Structure formats: structure tokens, C-alpha cells
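Chemist:
Number of protein chains: 2
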Amino acid sequence: MAPIAVTHVVEAAKPSKTTGNRKSAVEETGESIRLAARAGEYTDQTSGVAPTYVQANLIVLPSQYASDFRLLCRRNPVPCPLLAESKEVGRWDQLQSWIQGVTGDQITKDLDIRNDISKYMVYENGNLTKSHCHNVEAEWTEDHVGFLIGCSYSFETALTAAGLLPAHTAHGRNVPMYRTKIPLCPAGVFQHSTYVVSMRPYRRRDIEKVRGITRPYVATHGEPIDWGWDAVERLGIQDLSRPEYGEAPIATDGSPLVRGMGIEDDELVPVFWGCGVTPQEAIRRAKPEGTVIGHAPGHMLVLDIRDWDIIPKQEEIPI
Amino acid sequence: MAPIAVTHVVEAAKPSKTTGNRKSAVEETGESIRLAARAGEYTDQTSGVAPTYVQANLIVLPSQYASDFRLLCRRNPVPCPLLAESKEVGRWDQLQSWIQGVTGDQITKDLDIRNDISKYMVYENGNLTKSHCHNVEAEWTEDHVGFLIGCSYSFETALTAAGLLPAHTAHGRNVPMYRTKIPLCPAGVFQHSTYVVSMRPYRRRDIEKVRGITRPYVATHGEPIDWGWDAVERLGIQDLSRPEYGEAPIATDGSPLVRGMGIEDDELVPVFWGCGVTPQEAIRRAKPEGTVIGHAPGHMLVLDIRDWDIIPKQEEIPI
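The listed protein sequences correspond, in order, to chains A and B. In my numbering, each residue's number is its place in the first sequence (first place is 1) plus 306. In my numbering, each residue's number is its place in the second sequence (first place is 1) plus 306.
#1: Under three-state DSSP, which class holds W535 (chain B)?
#2: So what does W579 (chain B) bridge to, in DSSP terms?
#3: Interface residues of chain B around G528 (chain A) at Cβ under 9 Å?
#4: Grouping DSSP H, G and I as helix and E and B as strand, with all else coil, what is D610 (chain B)?
#5: Indicate the three-state DSSP secondary structure (helix, strand or coil) for A473 (chain A) in the structure shown.
#6: So the alpha helix (DSSP H) T597 (chain A) belongs to, where does it begin and stop?
#7: Strictly below 8 Å CB to CB, what residues from chain B border I488 (chain A)?
#8: Less than 8 Å separating the beta-carbons of Q351 (chain B) and G604 (chain B)?
#9: Between the region 507-518 of chain B and chain A, which residues of the former have CB atoms less than 9 Å from a CB of the latter, in chain order?
#10: Mind listing the chain B neighbours of I531 (chain A)? Cutoff is C-beta to C-beta under 8 Å, in chain order.
#11: Can you grab the Cα-Cα spacing for the pair T358 (chain A) / V384 (chain A), in whole Å?
#12: What is the DSSP secondary structure of T486 (chain B), counted as helix, strand or coil?
#13: In chain order, what are the residue ranges of uninterrupted beta strand (DSSP E) at least 3 long that sit wholly in the region 402-459 of chain B?
#14: Only counting the same chain, and skipping five residues up and downstream in sequence, which positions put a Cβ closer than 7 Å to that of I617 (chain A)?
#15: Is the beta carbon of A588 (chain B) less than 8 Å from the beta carbon of S499 (chain B)?
#16: For the beta strand (DSSP E) containing L334 (chain A), list its first residue and its last residue.
#17: Go ahead and pull the three-state DSSP assignment for I589 (chain A).
#18: Just to confirm, is the Cβ distance from N363 (chain B) to V583 (chain B) under 8 Å?
#19: Quick one: using the 10 Å Cβ neighbour count with 16 as the cut-off for buried, is S437 (chain A) buried or exposed?
#20: So Q361 (chain B) and L609 (chain B) are supposed to be a Cβ contact under 8 Å. How far apart are they, rounded?
#21: In terms of alpha-carbon separation, which member of A:L490, A:V495, A:C491, A:L465 lies closest to R506 (chain A)?
#22: If we count the other Cβ atoms within 10 Å of its Cβ and call it buried at 16 or more, is Q586 (chain A) buried or exposed?
#23: Which residues mark the beginning and the end of the beta strand (DSSP E) in which E391 (chain A) is found?
#24: Given this structure, state the Cα-to-Cα distance separating V598 (chain A) from L546 (chain B), to the nearest angstrom.
#25: Is the region 392-407 of chain B close to the region 481-493 of chain B, with three or more CB pairs under 8 Å?
#26: Which of the three DSSP states is assigned to R479 (chain A) in this structure?
#27: Under 8 Å, do A602 (chain A) and K415 (chain A) count as touching if we go by C-beta distance?
#28: Mapping DSSP to helix, strand and coil, what is A362 (chain A)?
#29: Report yes or no: is there a C-beta of chain D within less than 8 Å of the C-beta of I455 (chain B)?
#30: May I ask you to report which of helix, strand or coil DSSP gives L546 (chain B)?
#31: Pop quiz: L388 (chain A) and R376 (chain A) are said to be a contact at Cβ under 8 Å. What is the actual Cβ separation, rounded to whole angstroms?
#32: If you drop the 5 nearest sequence neighbours on each side, which residues of the same chain put their C-beta closer than 7 Å to that of V355 (chain B)?
#33: Determine which residues share a DSSP beta bridge with P368 (chain A) and list them.
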């Protein structure tokens, strides 16, 4: 493919975009967003919402696949950092935490996994059967286990604070996400799947700074997995202007954020992070029997814990 | 490349091969092998040695790279499962364990990282300067940190017990190891490196059994990352008969273990696991300043802990 470059970047912090029918930015917490989604009052995506509150990707599986999925996360912690799961099979209201020093109750005091995300996806035998539905009460059974995976929105606050506001946030859009050819390490039934990545454009000279800021966020994908125009080919991305998930990189005025041009040291380049939509790709590949539920990409579960609660100390890296 | 197949396989358990000048197989423990290597009496590779004693890959780095290397392991736990590291910077005799429920003293009661491996590799500024040397006393400094990475030899005992003796063990050879094009997730200075894999041929009908047996060994690479003839191309391996590390798959009578032939369901296929030589490839890529030490591929540090000590329980999978 011809190289393309991103034409817009906003480095200064800006007020967060309009996000549907929330009452006021000052009231936003993880709980307030969950309760609003549960009441059907919050229906938007969640990029930039409730800053510093950790957001999570969701996968809900029949219990027979729980062990393999847990192993998939363990073997692929960059795209699939496991934060928590249902405390017991069938529990949609309580979590077991996988974050050291954090309890399930601290992650979400008041939880209904079936209702607290603004939009869901439903798969039957690995095939998408419902897209962007508002709750999954009818789909949830006593045999389901919910898994929460870290989300890169968590480090966007830190990037913004450092003067590196992500372009998609500046333009009030969902982050673009792409299928890649980078293989996941298989785990049981989950085979032959590949990484999904999110993309944020940054100036080449800022890349080491961007890497350094996101590096400690190991529970929410950490530092980028690749960057630069060469990375587009290495990752096997077909067309940067047509992401498989999220929204194309287009500015609020409708102008494209990407255009054909050469590469200069001082130009913007795409930077790619592991993405928590990866497990949904794995579901499509593995085609597990029965009903699987995920969040709609960009529509995350917003938690009670804060970004700083999930940065591990050095002494917390056991096998 | 043309598909090639492995012509020999041995499924029955066999006595371990002749392994240099060890006195007797019945006396073999991790400690006895370490002390023999320290005394210059054990100089061979360690596949099939001291069965059930965990073996480890070694990387020794200047302290300024320790943090990035720890993160590299954390982000790539399949090729780089971190078992332990020097208890403090400069310590070659005591370990800090990263295995839950196991202390450093339990991993090795009597240790001299500079002498207890039969053969070492030395890199200066990322370039190999010494190959297969017997000790690294002269190279070790007070600024060095040693890291131990799990080794796939640990699950070979379990495979053998299940009637799936690895072909290289049956033929008294080192396991073949190959460079691949599968990227590691970068961490700090460690960028643009790729997986190294080990290969063991198995019958196609045995692959699910092989996967199941090795799956629990998450601290020693776990289940295979890929398998079958298609995998050779997916991994970007140029020539299966010419591994970059270890020994070519050739039988004791000199006949090749690989030959050109078509693929049949009932034929042997190559099965690939993540390999602890991966960090040495990362060193060659990153070219860290100063002296880096590794084990010679196949010549591992044999520990006091046993294979069953490193199989984690389900409740031990924190972020």
C-alpha cells in the first residue's frame, strides 16, 4: 500500500467532547456512567469519559471455555490483560480481581455486567447475531462467566496530561482499531487468532515520550507494539483509513485525518497498541458453542478503580 | 519452501542418552549437575539430564537494562517466562524468585551463576565475542544482574512419560531451534526482535495430546505456539534442516530426520514451542552497551526445584 500520513494533531489539552446525554462532566465517575448505562440514559462510546477511571473490555463465555480463555490472556497479556472475572460461574454482579492488591468489590461496588455497558455485541457459535444492543439480560445464563480486559483509554489521560492528547479524542471520535496478521499464542480452543490494535497518530520525535508514558500501564496494554509507516506493512494492515472497528481517522470538520504523502522525520506517524477487541476476534475464529457476549468496540465498562490503582510495583511481576 | 517431513519418531520411553562424563544417572540432581559443571567435569548439553529438575535459560545484563528486560519478559511470557533474577545487583550466588510460593533459596541452595552452566556465550555491545566458554568469572562484574528463564526441557519428562519421547532425546541430540519472523512485543531498548522456537516432530493425530500435556507448563513455554507444515511458512523459517541454534534433526545413525515429501494425515509434522534463546536474539538486536552473558543454547542451568513446583494453580494468575 502507498504510505499515508495523518494531517491533524492536537497536543494541547482540550475539554472533553460532547458525550451524549450525560448531565455534567464534574459528576462523572465509573459508577455514574454504569448506572446511567443501566438506566438506558447513557448510550455513547466512552473514550474520554470519566477521566482517570479505569475502563474495561468485556468477554462473557460459557463456563466450559473459561479455563482456555484465562490461559489465552495469560499467554497474550499485551492485547489481553486480564483484570477480573465473575466471582463465580453465573455471577453478573460480583468480581474476582486479578489485579494485585485490589479486591473485586473495589473494582466495582455496584455492578450489573448485563446492563452497565452502553452497547453490547452477541455471538452465537462464533457468529455475530446482535450488534450494539443495549443490554444482554436475555442472553446471560447461569452458565456464563464474564471477563474484564484492560483498555487503552486508561493511559489516554496520562498522554493528555503530558500534552499528547490523542487525535481521536480531540476530534470527538472513537479510536480506530485494526485487525493484524500478528498471531496470538494459542490456548486450548483459541487458535489461529491475531492481534487487534488501536492506532493514535503522533509526531515521530514524540514516540519515545509516548512509549515512556504508556509503558507503566501494563494492565491496559502498556507501551505500543509497533510504530511508524513500516509498521503498517509489518502488522498486515490493509488500509489505515478503513479500520475494522471504531471510527476512521476523520476530523470533526469532515476532513480526513489521513492522506497520501511521503514520510518525513518531522511528520506524524501511526502508533499501534494492543487492543482489548482482540478476544472478540479470537471468538470469531474459535467459534465456541453457545452464546458469547462482548462490549461494542469503544463502549467500555467504566470501573470504580483509578488509573493509578493498576500500575504494578516492580516487585509484583510473578510467573 | 518445499514441505519436508520428519522420518523418525520414537514413542516409547528409552534410557537417557550418554551425557559426557557424568558418573551415574541415579546420582543426577540439579545440584549435582551444577557442582559438576562448576568443577569443569560436566561439559555436555543438558537435554534429558536430571529428569524432573527444572532447567533454566540465563541472561546476564548490566543493571541499567534490568528494568526493560523484566518488562520484555512480562510482555512476552511464552518465549520469556521469567523464573528468577539476582537477589541484588551483582549477586551471582542468590536469587529472587518470581515463581509464586517458591523462594530463591529453594530454586538453588548452592549457586554460582558464573560457573554452574557447562557452556556460556558472551556478547560485547550486542556482538558475540565468546562462544561456548566454560565459565564467565572474568566477565561478571558488580553491576551485572542475572535472569533465569524457563526451559522447555521441563515438559519433556512429562511428554516421555506419556509415550511421546522427543525425537532429539531419542537420538541423543540437542533440540533444533529456529529464528522466526513473529515479533516480540517491544519493551524499552528491546525492540524489533522476534521469537526463537524449539521444534519437536510429532504425529498429527498426537498433537492435541501433546498440546494438553505441555499446556500446564506456563513457566516453561507451555503449549506449542504453532504446528504443522503450514506453520513453517507462518513462522518464516527458511530451512527446517538448518536450525540457527541446537542441532539439526539428524538421527544417531547419521540419517536425516527430515526429507522432502508430501503431507499425509498420518505423517509426522513439526511442532513449535516458544524458546528461551529468544532473549539472546533480543540482545543481538538491541545491542545494549557493555557485557551481556547467556548460556550456550542447550546448555542450561539445572535447578533444585522440580517440574511440579512451577505449575501454577488457577488462582495464581494475577496481572
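Note that beta-carbon positions come from the ideal geometry of N, C-alpha and C, so glycine has one too. Only a predicted model underlies this, so the values are computations on that prediction, with no experimental measurement involved.
Modeler: Taking the coordinates as given:
#1: Helix at W535 (chain B).
#2: B:S504
#3: L377, R380, R381, C491, A493
#4: strand
#5: helix
#6: Per DSSP, T597 (chain A) belongs to no alpha helix (DSSP H); it is in the beta strand (DSSP E), 597-601.
#7: I488, P489
#8: yes
#9: R517, G518
#10: P489, C491, P492
#11: 20 Å
#12: strand
#13: Complete beta strand (DSSP E) runs here, min 3: 426-430, 433-439, 450-456.
#14: P522, Y523
#15: Cβ atoms of A588 (chain B) and S499 (chain B): closer than 8 Å.
#16: Before going on, a small fix: residue 334 (chain A) reads as Glu here, not Leu. Counting along the chain, no beta strand (DSSP E) covers E334 (chain A), and no H or E run does either.
#17: helix
#18: yes
#19: exposed
#20: Contact holds; Cβ gap of about 7 Å.
#21: A:L465
#22: buried
#23: 388-392
#24: 39 Å
#25: Here the region 392-407 of chain B does not lie against the region 481-493 of chain B, with fewer than 3 beta-carbon pairs under 8 Å apart.
#26: coil
#27: Taking 8 Å as the cut-off, the beta carbon of A602 (chain A) is found no closer than this to the beta carbon of K415 (chain A).
#28: strand
#29: Here chain D cannot be found, since the structure's protein chains are A and B.
#30: coil
#31: 7 Å
#32: T325, E334, I339, V608
#33: A:H450
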